[in-house]
Structures are given as structure tokens and as C-alpha cells.
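Residue numbers (our numbering): 5 to 224.
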């Protein structure tokens with residue numbers, strides 16, 4: 005059964021809300037970091053701490069890192085990486101959880117273009133997922149648009165509109181995994197930091213909880 009769920013607000017700060025353990029509104033604390041090694045090579049780091057509630061009821065911990073290579077200066081990036089994911093899933097009609105550990109290897113290609121003042125990004129990602137004793141393969145396609153609002157270019161202190169769509173496809177059994185559609189408002193502090201506040205609608209094959217999410221983008 006396909007279920008539509010509405011996700012999440014993105015903001016970089018810790019929430020000051022007092023939800024109970026039984027609340028359906030949780031949060032994701034997300035950090036992205038990118039550091040150029042030289043003009044060709046770069047290093048990516050990522051941390052996602054996902055809670056069922058505002059804080060304290062772990063749903064998933066994701067650690068991701070990888071190395072990228074620019075085919076052209078600042079664009080057309082090939083990337084090889086690894087991720088560790090610890091998931092704590094509730095057993096149906098129970099307060100008990102089951103823990104799953106996943107090791108993930110992934111390859112991706114990112115390309116960017118500019119159409120007038122609109123910044124366009126395509127990301128193609130291929131994942132090999134080792135979940136306990138199970139092995140799965142998944143493909144993801146991500147398309148994003150960023151539109152500066154108070155400046156013609158994405159310079160310092162620019163507010164911008166951000167939107168994206170990402171589809172997840174399995175290579176076996178049920179091919180469709182999920183689809184995410186997002187729209188938000190962002191603030192580009194500098195070349196090294198930006199924040200976003202936004203809303204996501206997710207279409208998936210299993211129930212998921214609504215989420216309050218917190219995110220930061222850092223470039224060293």
C-alpha cells in the first residue's frame with residue numbers, strides 16, 4: 005500500500021519543543037560538510053540523527069563520508085563513498101524496538117548548470133546496501149532548483165527559494181521505494197554556510213512519521 009506522508013521543516017538550531025515519547029512529530033538533525041582537497045578532489049562528511057520525537061527516541065543514525073573528483077572545475081563530480089546506518093524500528097502494535105545495522109557503499113555523479121538565475125543540480129546515486137544478512141541495491145535520482153530572491157546571483161547574504169524531487173528505485177521485488185518532493189526558503193550566509201527552512205511531501209510504500217528536521221550545509 006502506498007502512503008503519502010508530509011515531512012519536514014529544515015532549520016539549523018536545536019528545537020525547544022516538549023513532545024512526548026508517543027508524539028507522531030519527530031525531528032532529524034542533519035549536518036553536511038564538504039572540504040576541497042585541491043582543485044580536483046574533495047571530501048564529503050555527513051551526519052543525520054533522526055528521532056521519532058523531538059529528541060531522545062532514536063529512529064535512525066546515519067554517518068556518511070566519501071571522496072569526490074571534479075571532471076571539470078567546480079562541476080561534474082564523480083564520488084565514491086561509504087555510509088553506516090543504525091535503525092531502531094518499532095515492532096507493530098508494540099513499544100518494543102528492533103535494531104538493524106546497515107553498511108552502504110555508494111557511487112554517484114553530480115552535475116550542475118545555470119539557466120538564467122536558476123541553479124540546477126542533478127545527482128545520480130547507486131547504492132549497495134548490506135543490511136544485517138540481507139543485500140539490496142537501490143538507485144536514486146535527485147533534481148534540485150535554487151532561485152536567488154534578493155540578488156541576481158547566489159552571493160553572500162542571499163535569500164533563495166529551494167525545491168527538489170528525489171526518487172528511490174529498488175532493483176528487485178518492489179521497484180518503487182519512495183519519492184520525496186521538497187520546497188523551502190534558504191539563506192546563503194557565505195560560500196561556506198547556508199541554512200534552509202522548508203516542507204517535504206514523501207510518497208512511500210510503508211508508514212512513516214511526520215518529522216521536524218534541522219539541517220546545516222557547511223563548506224570548509
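Quick reminder that beta carbons are idealized off the backbone N, C-alpha and C, glycines included.
Have a look at the DSSP bridge pairing and note the partners of residue i.
i	result
residue 49	37 and 69
residue 138	135
residue 92	103
residue 3	Residue 3 falls outside the range modelled here, since the chain spans only 5 to 224, and no answer is possible.
residue 190	164 and 200
residue 183	171 and 207
residue 76	79
residue 84	71 and 111
residue 62	55
Along the chain, where does the beta strand (DSSP E) that runs through residue i open and close?
i	result
residue 202	197-208
residue 106	101-119
residue 160	Segment: none, residue 160 is in no beta strand (DSSP E) and carries neither H nor E.
residue 56	From DSSP, residue 56 is part of no beta strand (DSSP E); its letter is neither H nor E.
CA-CA distance, residue i and residue j?
i	j	result
residue 142	residue 36	22 angstroms
residue 131	residue 110	4 angstroms
residue 204	residue 194	25 angstroms
residue 196	residue 127	21 angstroms
residue 52	residue 62	11 angstroms
residue 199	residue 38	15 angstroms
residue 107	residue 191	34 angstroms
residue 114	residue 146	9 angstroms
residue 174	residue 139	12 angstroms
residue 25	residue 57	Any answer about residue 25 is weak, because its pLDDT of 38 lies below 50 and its placement is not dependable; what the coordinates show is given next. The alpha-carbon atoms of residue 25 and residue 57 are separated by roughly 6 angstroms.
residue 184	residue 135	22 angstroms
residue 181	residue 206	11 angstroms
residue 43	residue 68	22 angstroms
residue 82	residue 112	6 angstroms
residue 157	residue 78	16 angstroms
residue 94	residue 60	15 angstroms
residue 149	residue 117	10 angstroms
residue 64	residue 76	35 angstroms
residue 41	residue 100	45 angstroms
residue 208	residue 171	10 angstroms
residue 103	residue 32	18 angstroms
Legend entry - Cβ contact check for the region 137-153 and the region 165-180: 3 or more pairs under 8 angstroms: yes
Inset, instruction - Could you tell me whether the region 64-76 touches the region 42-49, where touching means 3 or more Cβ pairs closer than 8 angstroms? - result: With a cut-off of 8 angstroms, the region 42-49 and the region 64-76 count as touching, because enough Cβ pairs lie within range.
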